[in-house]
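Q:
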Amino acid sequence: MPELPEVETVRRGLNQLTLNQEITGGDVLLDRTIAYPFSVGEFVNGIEKNAIATWHRRGKYLLAELSSSSGWLGVHLRMTGQLLWLDRDEPLHKHTRVRLFFEDRQELRFVDQRTFGKIWWVPPGVAVDSIMTGLAKLAADPFSPEFTVEYLASKLQNRRRPIKTALLDQSVVAGLGNIYADEALFKSGILPETLCIDLQLKQIELLRTAIIQVLETSIEAGGTTFSNFLNVKGTNGNYGGVAWVYNRAGEPCRVCGTSIQRIRLAGRSSHFCSECQTLRGVRRRD
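Structure follows, in structure tokens:
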């Protein structure tokens, strides 16, 4: 599933390519992709003849503010969703679900192999959170001023759950997922099975710093592509080539040479270095 760096990469690309161009129409090839309104015709009528003023990101959600106070266009890529900016004459991919037509025969295509991705049109005068209800459950974004050591400590302390599982909870940290939770835990020297209640404040401080650093590094690399992720121009992300531990089971640690291990926690894979990550031996990665 695309995580914060991948969604942020898409947002930046969309802001470079799609702004201030009128949406001239649309074509919905899979009705259930449209989460709201429930009428496909109402969705297309709501967005056409409007332009996108700017794209925002909240956690893993994309939000396009439409011009002339015409509401919002929301997108969640879920597991395999892709937003691609293409010439309208480009042959259709078999997993194309929604097409938004723009001027000069350009279009924004939503391609989604697993069909879990969703798109919303929120009419003007309606609270976005009331339609896209998942937004109301999101924790602070790692790049927001609210994401302080004290904030993160309040979310983690006194919880008897593994820290890796907690980091995947969008009500704890917005936008973080399996890849970057593993990476941040490595950089902060914390084993994924460590219970939140056992974390010291210094460890939480290092973890907060590591989360931000890992996300920034991945955004600079255009995100991670292990399977489906592409940016709006159809290019892979490059972070996977420099990942510390994620998807590197059996390979030597880039710091100490110990083989990277993989375990299952709450049904998800977790990658770590048993030498560099311990509960007491906190070691920061620069």
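Last residue of the sequence shown: number 286 in the numbering used here, and the count goes up by one each step with no gaps.
Each residue gets a CB set at the ideal place from its N, CA and C atoms; glycine is no exception.
Bear in mind the structure is a predicted one, so any value in this text is a computation, not a measurement.
1. What runs of the alpha helix (DSSP H), each 4 residues or longer, lie entirely inside the segment 57-104?
2. Could you give the first and the last residue of the continuous alpha helix (DSSP H) run that contains R208?
3. Buried or exposed for D286, please, with buried defined as at least 16 other CB atoms from any protein chain shown within 10 angstroms of its CB.
4. Contact defined as beta carbons within less than 8 Å: I believe E8 pairs with Y180. What is the distance between those atoms, to the nearest angstrom?
5. In angstroms, rounded to a whole number, what distance separates the CA positions of C273 and D169?
6. Going along the chain, which residues of its own chain have a beta-carbon closer than 7 Å to the beta-carbon of Y246, five neighbours each way excluded?
7. How many angstroms separate the CA atom of G237 from the CA atom of S171?
8. Closer than 6 Å by C-beta to A35: which residues in its own chain qualify, once you throw out the five before and the five after it? Chain order, please.
9. Within the same chain, show all residues whose beta-carbon is closer than 8 Å to that of V98, passing over the 5 residues directly before and after it, in chain order.
10. Do the segment 154-166 and the segment 208-224 meet, that is, are 3 or more Cβ pairs less than 8 Å apart?
11. Assuming I263 is part of the beta strand (DSSP E), what are its boundary residues?
12. Could you compute how far the alpha carbon of W85 sits from the alpha carbon of L195?
13. For E251, which three-state DSSP category applies?
14. Going along the chain, which unbroken runs of the beta strand (DSSP E) with 3 or more residues stay wholly within the segment 134-207?
15. Can you look up S39 in the DSSP assignment and give me helix, strand or coil?
16. So what's N50 in DSSP terms, helix, strand or just coil?
17. Below 7 Å CB to CB, which residues in the same chain sit around Q277 once its five sequence neighbours on both sides are set aside?
18. Among V122, L92, L14 and I263, which residue has its Cα nearest to the Cα of D112?
19. Counting along the chain, where does the beta strand (DSSP E) carrying L108 start and finish?
20. Of the choices G59, P5, S68 and E251, whose alpha-carbon is the least far from that of N20?
21. For I34, list the residues DSSP reports as bridge partners.
22. By Cβ distance, which residues of its chain are closer than 8 Å to A140, with the 5 residues on each side in sequence left out?
23. W244 bridges to which residues according to DSSP?
24. Tell me the DSSP secondary structure of G126 in three-state form.
25. May I ask you to verify whether the segment 42-56 touches the segment 198-205, counting CB pairs closer than 8 Å and requiring at least 3?
26. If distances are taken between C-alpha atoms only, which option among D198, I197 and M1 comes closest to G59?
27. Mind checking whether V214 and L14 have CB atoms under 7 Å apart?
28. Looking only at its own chain, which residues have a Cβ that is under 6 Å from the Cβ of V75, when we skip the five neighbours before and after it?
29. Quick one: using the 10 Å Cβ neighbour count with 16 as the cut-off for buried, is K164 buried or exposed?
30. Per DSSP, S274 forms a beta bridge with which residues?
A: Straight from the coordinates:
1. Entirely contained in the segment 57-104, not one alpha helix (DSSP H) run reaches 4 residues.
2. L201 to E220
3. Low confidence applies to D286: its pLDDT is 46, below 50, so where it sits in the model is not reliable enough to give any reading.
4. Contact between E8 and Y180 fails: their C-beta atoms lie close to 12 Å from each other, not under 8 Å.
5. 23 Å
6. I179, D182, E183 and H271
7. 26 Å
8. K118 and W120
9. G26, D27, V28, L29, L30, T33, I34, R109, F110 and I119
10. no
11. Q261 to L265
12. 43 Å
13. coil
14. none
15. coil
16. Under the three-state reduction of DSSP output, N50 falls in the coil class, being neither helix nor strand.
17. L185, F186, G189, I190 and L191
18. Per the Cα distances, L92.
19. Q106 to D112
20. Between N20 and the set G59, P5, S68 and E251, the nearest pair of CA atoms involves S68.
21. I119
22. E146, F147, Y151, V173 and A174
23. Beta-bridge pairing links W244 to no other residue.
24. This sequence places Val at residue 126; Gly is not what is there. Looking at V126 - three-state DSSP - the assignment turns out to be coil, as it is neither helix nor strand.
25. no
26. With distances taken between Cα atoms, G59 lies closest to M1.
27. no
28. L62 and I119
29. Under this definition K164 is a buried residue.
30. Paired residue(s): none; S274 is not in a bridge.
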